[in-house]
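Worksheet for the structure shown next.
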Amino acid sequence: PVLQHLLHKVASAFVDPQLRLPNRTRLVQEIDHRRRQGGDDELLILLNLDHFSETNEALGHPYGDRILRAVADRLRERCARQVMVARVHGDTFGLLGPRALLNPEEIARLFDEPFEIDLTEQMLSASQGCVPLGEVPGDGADTVKNAAIALKRAKASGSGSYCFYDREMGTEVQERV
Numbered sequence: 436p437v438l439q440h441l442l443h444k445v446a447s448a449f450v451d452p453q454l455r456l457p458n459r460t461r462l463v464q465e466i467d468h469r470r471r472q473g474g475d476d477e478l479l480i481l482l483n484l485d486h487f488s489e490t491n492e493a494l495g496h497p498y499g500d501r502i503l504r505a506v507a508d509r510l511r512e513r514c515a516r517q518v519m520v521a522r523v524h525g526d527t528f529g530l531l532g533p534r535a536l537l538n539p540e541e542i543a544r545l546f547d548e549p550f551e552i553d554l555t556e557q558m559l560s561a562s563q564g565c566v567p568l569g570e571v572p573g574d575g576a577d578t579v580k581n582a583a584i585a586l587k588r589a590k591a592s593g594s595g596s597y598c599f600y601d602r603e604m605g606t607e608v609q610e611r612v
């Protein structure tokens with residue numbers, strides 16, 4: 436029982452308890468692992484639900500939790516097995532996999548059909564920040580940070596947008612800070 440408890444505790448350090456997806460820590464580890472394996476054809480997408488906080492506030496946190504579960508389920512079901520689906524935080528998900536399997540336009544189409552929440556149809560959209568692992572140096576934490584920079588730029592462009600990170604974005608952020 437003690438060993439089982441310890442194993443559960445260690446495993447839970449890498450899994451989001453609410454959605455049962457790998458968490459940010461596990462995603463960072465996997466990015467580092469794939470880089471070591473020569474994952475130049477890999478892509479990280481941070482996907483953030485548009486206007487989620489307003490929906491969460493207006494309809495309540497239990498409803499927001501059901502939205503998150505529905506999104507997680509759709510991502511798990513529709514993304515290829517080679518794509519890791521993780522919950523980075525709040526309403527931000529990470530998708531990590533071969534570029535050939537992660538096209539931002541196709542990911543956006545996953546949100547074309549409504550999500551059924553409490554027997555009602557809920558339309559959602561998501562913005563995406565993308566980082567090709569082979570084009571941007573750094574470790575897993577840097578890669579997630581860079582995807583967050585691209586995500587912020589995508590959100591500024593409007594709902595359902597996506598943006599690929601480039602080094603100029605990072606330089607602009609550093610100069611501003």
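The numbers in the numbering used here rise by one with no breaks, and the one at position 46 of the sequence shown is 481. Note that beta-carbon positions come from the ideal geometry of N, C-alpha and C, so glycine has one too.
Non-local beta-carbon contacts of histidine 524 in its own chain, meaning distances under 7 Å to residues more than five positions away in sequence, involve Arg459 in chain order.
In this structure threonine 578 is buried. Its beta-carbon is surrounded by 16 or more other beta-carbon atoms within 10 angstroms. Excluding residues up to 5 positions away in sequence, Leu456, Pro457, Leu462 and Gly529 lie with their Cβ nearer than 6 Å to the Cβ of alanine 521 in the same chain.
Beta-bridge analysis with DSSP links threonine 527 to Asn483 and His524. Inter-residue distance for alanine 535 and isoleucine 466 is about 17 Å (C-alpha atoms, whole angstroms).
Apart from sequence neighbours up to five positions away, the residues of its chain that approach glutamine 557 with a beta-carbon distance below 7 Å are Ile502, Pro549 and Phe550, ordered along the chain. In this chain, proline 452 is not harboured by any alpha helix (DSSP H), its DSSP state being neither H nor E. Contact between leucine 484 and glycine 564 does not hold, since their C-beta atoms are separated by about 13 Å, which reaches or exceeds 8 Å. In the pairwise beta carbon analysis, the segment 488-500 is classified as not touching the segment 584-602: fewer than three pairs are separated by under 8 Å. Distance check between isoleucine 552 and each of Asp508, Arg513, Pro539 and Gly473 places Asp508 closest, using alpha-carbon atoms only.
Taking C-beta atoms under 8 Å as the contact rule, arginine 470 and leucine 537 fail to qualify, at a distance of about 16 Å.
In the DSSP assignment, alanine 576 falls within the alpha helix (DSSP H) that extends over 575-592.
For alanine 561, the uninterrupted beta strand (DSSP E) segment begins and ends at 561-567. DSSP places leucine 554 in the coil class of the three-state scheme, outside both helix and strand. Counting along the chain, tyrosine 498 sits inside the alpha helix (DSSP H) bounded by residues 496-513.
Glycine 532 sits close to glutamate 477, with the two beta carbons spaced by under 8 Å.
By the CB criterion at 8 Å, serine 560 and phenylalanine 546 fall inside the cutoff.
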